[in-house]
Every structure is written in C-alpha cells, then in structure tokens.
Amino acid sequence: MSIDMSQFHQVFFEECFEGLEAMESGLLSLDIGDIDSEVINTIFRAAHSIKGGSGTFGFTVVAEYTHIMETLLDEMRDGRRPVTKQAVDVLLGSVDCLREMLTSIQNEEDVNMVSAAKHQAALEIELNGSAGNAPEAVKIDKVAPIAAPLKPEEITEIDEEQGWKIAFCPYLNLLKTGNDPVRLFRELNGLGEFTSNVNIQDIPPFDELDPEECNISWELKLVTEAKEAAIREIFSWVEDDCALEITPLSKPKKVKKPKITPTAPVVEVVTATPDVVESVAKKAAVVVESDPSKNTPKASSSIRVDTDKIDTLINMVGEVVITQSMLGLIGENFTMDKVGQLKRGLAQLERHTRDLQQSVMNIRMLPISFVFSRFPRLVHDISTQLHKKITLKLVGENTEVDKAVVELINDPLVHLIRNSLDHGIEMPAERIAAGKPEMGTIELKAYHRGGHIVIEIVDDGRGMDKAKLLAKAIEKGLVDEATIMSDKQILELIFMPGFSTAEKLTDISGRGVGMDVVRRNIQSLGGNIDIISELGKGSTIAIHLPLTLAILDGQSVAVGDETYIVPLVSIIESINITEKMLNKVAGKGETFKLRSEYLPIIRMREIFNVKSGAATKSNEGVIVVVEGQGALCGFLVDELLGQQQVVIKSLEANYRRVEGVSGATILGDGSVALILDVPGLVRLSVR
Amino acid sequence: MTTDHIAVNSKQIEQFLTFELANEVYGVEILKVQEIRGWEAVRVIPNAPSFIKGVLNLRGSVIPIVDLRERFSLEHCDYTQKTVVIVLCVKRHRAETFVMGIVADAVSDVLDIKLSEIKKAPNFGSQLDTRYMRGMHVYKKNMIMLLDVDKLLNPDELDDIETISDSVSDYDELL
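So this is what it looks like as structure tokens:
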C-alpha cells in the first residue's frame, strides 16, 4: 500500500515542536531533589508521543534517540532514579538536540549525526552511570551521592556549597515518644536553606496501617554554615528513636529556593496516590501543600488553519457587510418600486451567508481519513518488525469529524493500534495453532451513531486475560485482593496509570503509559472508551465521541405537529402509500411490498406516541424506506417537508440520551427538530 | 462556589427568586437562575416522562423544559400569557453543569432570606417526598417552599423515574 506520507509531515513536525516545548517547560519547572510526578508524566508523555510519531513516519534516528530519553524519564517517574540537575541538564540538552534533528529532517537536510551521537552518549552515560543503584534508591543508606558521575564540561558549573545531607529514618515508635518531626524540621529550617524529600516506601497497605507508627523516613538537605554538632543537637531528643546519618554536601550552585516556610513545612512526595499522601501527611502531622498554580496547564485548544482560508473568510464577511449596508440603504426610504432591488439584495445576502457558513464549516470538519490514512504504514512497519502477518481494514473513512477531534484523536489511536499489534495479534505460528487464519486482522471503523461518532478498533487476536489483568493489578497494588470486580471493571484496569501486562518492554508499547493517556485524551474530548474482549477471540475498543459541530444532510418529515429529520444517507427511497401495498402478518406486524420484497413498517406516530395533529387514516401517508442495521425498513410518516443541511446539537448536553433520537437541530424558524437514529429505531421497533 | 455567593453567605443571607405554582409560592436560589422567559411552544421528546414538556432552542443550545405542576402531581393548567419558563443552571455530580427550564405560573419576587429563618421541611412520611426541598420560609404570613434545584432536576433522578416505569412495563409484559 503506498500512501504519500509527506502530506502529513507538516502536522507531525508541528506536533513534535509542541511536544518539545512542553518537555522543555516541564524540565525547567522541575525542582531538583523533589519530584512532582505530574510534571515528569507530562514530559514523559511528550517524549512518548514524539517517539511514536517519528516511528510512524519512519524517522528511526529520532525514534531511537527519544527511546533512550524515555527510559531515563520512566525511571524518574517510577521514583527509581532521583531527579538531579545533571540529569535534567542532559535531558534539556537532548531536547535541543531533538529539535535540531527534527529541523534538519523538516528542511530535508542530513541530520548532524556527530552532535546527535554526542548527546546520545551523554544520555547513555546518565542512564547507565547511576542507574545501577536505582531500584532501591529510597533506602537511605544506599542513596548515592547526588553528583556522582560528572562529566568534565559540567564540573565547571558545580560549586562546593556548604551544607549537610541528613538521612533521617525514625523508628516506628518515634511518634509514640512524643516527638514531632515537624518541630525538628522547623528548627533545621532556622539554620539555613532546607529541603526535604520524603520516603514513603515502607508504608504498609492501608488496612495494616497503624497511625501511631512512623513508617516514613526523610532525606533532608540543609544548606548552611552551621557545624555538624549543631544539627546533632537538634536531633538529640530523638537520637535513640531513629537512624541518623549526617554527611557533608556538595551541591550544584543553583539551589532552588526552599519551599519551606517555618509554619508549614512542605513535603513533596515522590510517587504516591493522593490518598496515600494524605494519610502520610496526617500521620506525621506534616502539611502537604498542594499548589494549584503548579498544575500542568491545559493544552491550548487552538486549531491550525491555512491563512488562505482565513483570507477567504474575511473577504466573505466583507461581502456580507456590504450587502447588509446596501439593504439598509434600500430600507431607509422604501418605496414599492424598490421591491426588485430588495429581492436582489436578499438573494445576494442569502448566497453570501451560505458561502460563509460553508467555509466556516470547512475549517472545522474533516473526514476521519485524515487520521486513518496514517495507519497502514504504521501497521506495515510494526508488523514487519514483530514478524507478524497483519492486515488493516479501514471502514467509514469519510465520516466527518470536527477538526479538533481529528487532531486529538490521533495519538490515542496510535497507542491503541500499537497495543493491538503488539499484544493483541499473535505470532503466525500461534495463530495457526489456535485454529485461526495466519493473517491477523485489525479493523478500524468510524461511523455516526446515537449522537456520537464511534471509532472502533477491532482485532482478532488473543484477547485479554482477565485473570492475568487482575493478578497484575493486585501485584502492582492498584487494587486490593479482597475487592470483587466485574469483568468490565477488570478490563477497565488497563486504563490505570502505570499498568502494563507486557512482560518485556519494547519500543512499540508496553510501558503502561498508553492507556491512561488514551482515556484522558478521549475524556478531554468529552467522549468515552469501552473495551470488549474475549480471551482467544480478540478485542474491540470503541471510542465514543460527541458530535459537537457535525453537520448532516437531512430530510425533514412531518408526523402530526412534530417535525423530525431523517439522515439522508440512510434513506433509500420514499413512496406514497396505497391500500393494497399493506399486509399484516398474523394480524399484527405490518409489512408492505416493495417490488419483490416485503419490508416491515414502523409507524412513527405510534413508536413516538405522537398525539398532536389530525389523526391520519391508517392507509394514508408516505413511507420512507431506510436502511438501518443492515436491514431495510419503512418509516410511515404523514408527509415529507424538504431537504436541508442541519447542524447536529447534542441532546445529552442538557438532558440525556433519548431512544430513537440521535440528536437535535435547530430549524430555520428557530424551533427544535429531533434527528432520528435510524438503527436505534429499527432496534426499538423489534423489541 | 463563586465569590459573591460566599459574600452573601457571610452575611447569612441568600437571595431567592419566588414563583407561583397552583397558588402556592416556591423559591429557588437566585444564583441558579440564568434567565426568565415567556412560555413558547416546545418540541416534544418522544416517550419522555410526562413532566418533561419537551426541548427548546435557547440561543443555539437545546434545553429540556420541566413542568413543575406535573412534577409535583398538581392539577394541570393551560399555559397562558403569564406562564413563564425559568431557565436554571443546574449542577450535576462534580462540576458539570447543565441548563434546564421549569414552567411556573408566574414569577413573584426576589427575597433576601436569612439562612437562620429557613426552617427544615417537616417530615410528611411517604405522602410527600421532601428530598427536593431545601426548607421553608414564612414571608408576610405566606409560606414559601424553597427548592433544591440540583436535586429536583438531576437527570439521574429522571432516569430513576424512567427505570421504574420501564420495569413496570417489563412487568406488564410478563403478565
């Protein structure tokens, strides 16, 4: 399959540069020593997206490079590696390096491999150098001196700063003896610049937690000129109730201002769920300050529009304004002989308004193929890499989606398809053994339904093992063993941050970053995501997104006093009813004969309980033949009114889903009309 | 909670918009009220509970209209020129808000009510559901029933009602 990928390069580069910016600002806002896991997550996600995107477009240099960065960030995220200035510097350097690489690729120049290799080496040194003692870095005695493997060029930046590093590990009975760590910290803070890092690794599960025991320990940094004895003095009260280790400190010169105030000592917690943090905070009587301004800023909801399109719009608005002033002039001293002029003006206004509407819509609506057509390449490359045989089927590529949706749905879809490729579809041998065709299939479908756009990713792979999912979740401490969960809840576990069942990490998927981001992205679009999975048969992931600005060609029909819109795409034909066409099956189910076929009739008046308007005779009206759920069926309505383009408004925004109705629209006279959900109605009538 | 809300609270006074319904006076928090408009024809929603009169186009968004008379099982009354629709901004669980209209016979007044003067609604047992009541207030010897809009117009509650009727119809089928 050959698709010209270059048409999407521009978008990719823009996304990458945005990602790099996000990484940069994230890295810059990282406080050395204390970790804000949300910031690291943001950086990590940006790196992950860049890696994914560059893999899709075949820029392997970038993908490989980002993979190393990602590994480093992953360790920081898990708290296995302390965030040091050195690491942050290296990461910042590599952000610059990535930007260089991408710019070169964008300008179709050769990538400067020399500088890239240099940075890559620096990254690898950082990765391997201090990672060895990482996993248990939290054990105080094992914490490596923070500035261990310095590279020559960086040493110049480092200045010996006087101070102490204090590993303070209270015994369980510290609190019972009436000592309060907060008081100690307050006194330490009086001596100089003080930062603390709390270690909550040893906290037992909640049900075993004894609030009177002190299960946390601290790693404190104090920049001061005070002597060791002075610090010992502060701890003299608790000397017998804790393990204390005081070592001289050499620190980077740029010490962040301590966030400690004498009244409210702050503990930044490495990686912990909020409730754990809270229980810790309560227990040790330490105030955890949550600073709302530090929350990651929301992604700006901008969309990229060709300046040409905007110019066209401005021209049109200009035309409308001119027409309007012309009409105003006619209206000022209106005489009957100006009627012709008025009519011409109105016709002109109508034309301009329609053009204007169309071009505004053009800006926002795009066929989903814009997203879909990037995937054949991805599937091809990855399946080759994994030695799997996979075909990708695309269905409903012309479904129109809001541009914002198109842009934001891409990353989640990449993640989901990668997951299907990597975990879903089995190796050919395995498939044959399981009695399946050697060639795996991934189907990507898009369609409108029930006021939503549904995008489905269907694979015929091995499905998800619920028992394994549950075991993994318990192992990771995400759920309690005692919890009883439904199948659906178990499947939903894969959306939890940090959850991955893959045994080994690959650069395709398996870090457990995918699904929580996927869900977050989709929820931010106001949609939701569902999983159906059967072990051995395959998985279906359905994404439901609301139609915010989708428009549709509709046929308006009258039933009593009510007006409904039937989507034009589902109408096959409309016919006037005649007596002899109607038949009753067993005196109940009504059918009519259309050429050689008998089709069921749905009387709109009955199914919607319409009471208004003159009751028509049972054999009067128009039958609209529609296709829904693969079957033909006839809607009996009073009359056809006209065809028009309608803007779909969600009923759910202020009310809720109504059966048989996919949404609402506003007619020319300002009144509301309901849009029929044809497949839904067919289902409703069968019930 | 908005700052002015807090400001009002600090003086222990809240403002309520009062309206009439079958010769009784009801009140809703004025901060929930988005606008008041005259009654106009609505589009009927098929198979909706009878107290949902339909939906209305409110400057581009489609909002449902609830007839409080029917919600409270009061006798039906034809809509007149005095009939008003009070458009309310209702909070669904968490911070989600949505807009709904209620039909009332007429709006009466805006009252400053001291929180201390709001009496708890008495328990009527099974005869009357007081969950939707914030309390009662006596003003010029008239009793005003203060409604808790968030609970009254919660779509989940509407769902409840429908599930009940659904299960009833299922039951019918079984018979």
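One line per chain: the protein sequences are A and B, in this order. Residue numbering for the first sequence is 1 to 687, as defined by our numbering. Residue numbering for the second sequence is 1001 to 1175, as defined by our numbering. Just so you know, even glycine gets a beta-carbon here, dropped at the ideal spot from N, CA and C. These numbers were taken from a predicted model, which means no experiment stands behind them.
Count the other C-beta atoms from every protein chain shown that fall within 10 angstroms of the C-beta of residue i, then say buried if there are 16 or more, exposed otherwise.
{"i": "T483(A)", "result": "exposed"}
{"i": "E1014(B)", "result": "buried"}
{"i": "N199(A)", "result": "buried"}
{"i": "S325(A)", "result": "exposed"}
{"i": "E75(A)", "result": "buried"}
{"i": "V401(A)", "result": "buried"}
{"i": "K1120(B)", "result": "exposed"}
{"i": "T247(A)", "result": "exposed"}
{"i": "T1097(B)", "result": "exposed"}
{"i": "P1122(B)", "result": "exposed"}
{"i": "V1055(B)", "result": "buried"}
{"i": "A473(A)", "result": "buried"}
{"i": "R344(A)", "result": "exposed"}
{"i": "D36(A)", "result": "buried"}
{"i": "A446(A)", "result": "buried"}
{"i": "Q10(A)", "result": "exposed"}
{"i": "A229(A)", "result": "exposed"}
{"i": "I490(A)", "result": "buried"}
{"i": "A118(A)", "result": "In the sequence on display, residue 118(A) carries Lys and not Ala. Classification for K118(A): exposed."}
{"i": "K309(A)", "result": "exposed"}
{"i": "R1037(B)", "result": "exposed"}
{"i": "D207(A)", "result": "exposed"}
{"i": "A429(A)", "result": "exposed"}
{"i": "Y598(A)", "result": "exposed"}
{"i": "C16(A)", "result": "buried"}
{"i": "L633(A)", "result": "A small fix is needed here, since residue 633(A) is Cys in this sequence, not Leu. Classification for C633(A): buried."}
{"i": "A116(A)", "result": "buried"}
With residue i and residue j assumed to form a contact (beta carbons below 8 Å), what rounded beta-carbon distance in angstroms separates them?
{"i": "L1111(B)", "j": "F1016(B)", "result": "5 Å"}
{"i": "G192(A)", "j": "V238(A)", "result": "The pair is not a contact, with the Cβ atoms about 20 Å apart (cut-off 8 Å)."}
{"i": "V625(A)", "j": "E573(A)", "result": "5 Å"}
{"i": "I1086(B)", "j": "G1101(B)", "result": "7 Å"}
{"i": "S1061(B)", "j": "N654(A)", "result": "7 Å"}
{"i": "V39(A)", "j": "M101(A)", "result": "Actually they are not in contact, since the Cβ atoms of V39(A) and M101(A) sit about 24 Å apart, beyond 8 Å."}
{"i": "V111(A)", "j": "L20(A)", "result": "Actually they are not in contact, since the Cβ atoms of V111(A) and L20(A) sit about 15 Å apart, beyond 8 Å."}
{"i": "S196(A)", "j": "W218(A)", "result": "5 Å"}
{"i": "I648(A)", "j": "L552(A)", "result": "6 Å"}
{"i": "L249(A)", "j": "K227(A)", "result": "About 14 Å; that fails the 8 Å criterion."}
Quick one: list the residues of chain B neighbouring residue i, beta-carbon separation under 9 Å, in chain order.
{"i": "E659(A)", "result": "P1046 and N1047"}
Anything in chain A within Cβ reach of residue i, meaning under 9 Å, just list it in chain order.
{"i": "M1100(B)", "result": "N654 and Y655"}
{"i": "V1055(B)", "result": "L651, N654, Y655, A664, V672 and L674"}
{"i": "R1043(B)", "result": "E562, T563, A664, S671, V672, A673 and L674"}
{"i": "I1086(B)", "result": "What I1086(B) touches in chain A: nothing, since even the nearest Cβ is about 15 Å away."}
{"i": "I1036(B)", "result": "In chain order: nothing, as chain A lies at least about 17 Å away."}
Of all the options the options, which has the alpha carbon lying nearest to the alpha carbon of residue i?
{"i": "V379(A)", "options": "S420(A), V360(A) and L356(A)", "result": "S420(A)"}
{"i": "E212(A)", "options": "R183(A), N197(A), L174(A) and G670(A)", "result": "L174(A)"}
{"i": "K584(A)", "options": "K488(A), I571(A), I602(A) and I572(A)", "result": "I602(A)"}
{"i": "S369(A)", "options": "Q358(A), N410(A) and G340(A)", "result": "N410(A)"}
{"i": "L1021(B)", "options": "D1109(B), V1103(B), V1138(B) and I1113(B)", "result": "V1103(B)"}
{"i": "I203(A)", "options": "L172(A), L244(A), S383(A) and D337(A)", "result": "L172(A)"}
{"i": "L681(A)", "options": "P600(A), K309(A) and A347(A)", "result": "P600(A)"}
{"i": "S570(A)", "options": "I522(A), M581(A) and A631(A)", "result": "A631(A)"}
{"i": "R354(A)", "options": "F334(A), L313(A), R374(A) and K388(A)", "result": "L313(A)"}
{"i": "T540(A)", "options": "D561(A), S373(A) and E456(A)", "result": "E456(A)"}
{"i": "I166(A)", "options": "I231(A), G424(A), V395(A) and R364(A)", "result": "I231(A)"}
{"i": "E639(A)", "options": "V646(A), G621(A) and V658(A)", "result": "G621(A)"}
{"i": "L444(A)", "options": "A467(A), I417(A) and S685(A)", "result": "I417(A)"}
Chain A partners of residue i, CB-CB under 8 Å?
{"i": "G1060(B)", "result": "K649 and I666"}
Against residue i, what residues of chain B qualify as contacts under a CB-to-CB distance less than 8 Å, listed in chain order?
{"i": "N609(A)", "result": "P1046 and N1047"}
In chain A, which residues lie less than 7 Å from residue i when you measure between Cβ atoms?
{"i": "P1064(B)", "result": "N654 and Y655"}
Legend entry - In chain order, each beta strand (DSSP E) run of at least 3 residues that lies wholly inside the stretch 580-656 of chain A: The stretch 580-656 of chain A contains these whole beta strand (DSSP E) runs: 582-585, 589-594, 597-603, 622-628, 631-637 and 639-647.
Inset, instruction - For the stretch 421-489 of chain A, list the alpha helix (DSSP H) runs that are entirely contained and at least 4 residues long, ordered along the chain. - result: Fully enclosed alpha helix (DSSP H) runs of 4 or longer: 428-433 and 466-475.
Inset, instruction - Counting only runs of 4+ residues fully inside the stretch 29-82 of chain A, write out the alpha helix (DSSP H) ranges in chain order. - result: Counting only runs of 4 or more, we get 37-56 and 60-77.
Legend entry - Ordered list of alpha helix (DSSP H) runs contained in the stretch 1020-1095 of chain B, each at least 4 residues: 1068-1071
Inset, instruction - Let me know the beta strand (DSSP E) ranges lying completely inside the stretch 1096-1130 of chain B, each 3 residues or longer, listed in chain order. - result: Runs found: 1097-1104 and 1106-1114.
Legend entry - Complete runs of the alpha helix (DSSP H) confined to the stretch 177-240 of chain A [at least 4 residues]: Listed in chain order, they are 181-191 and 228-234.
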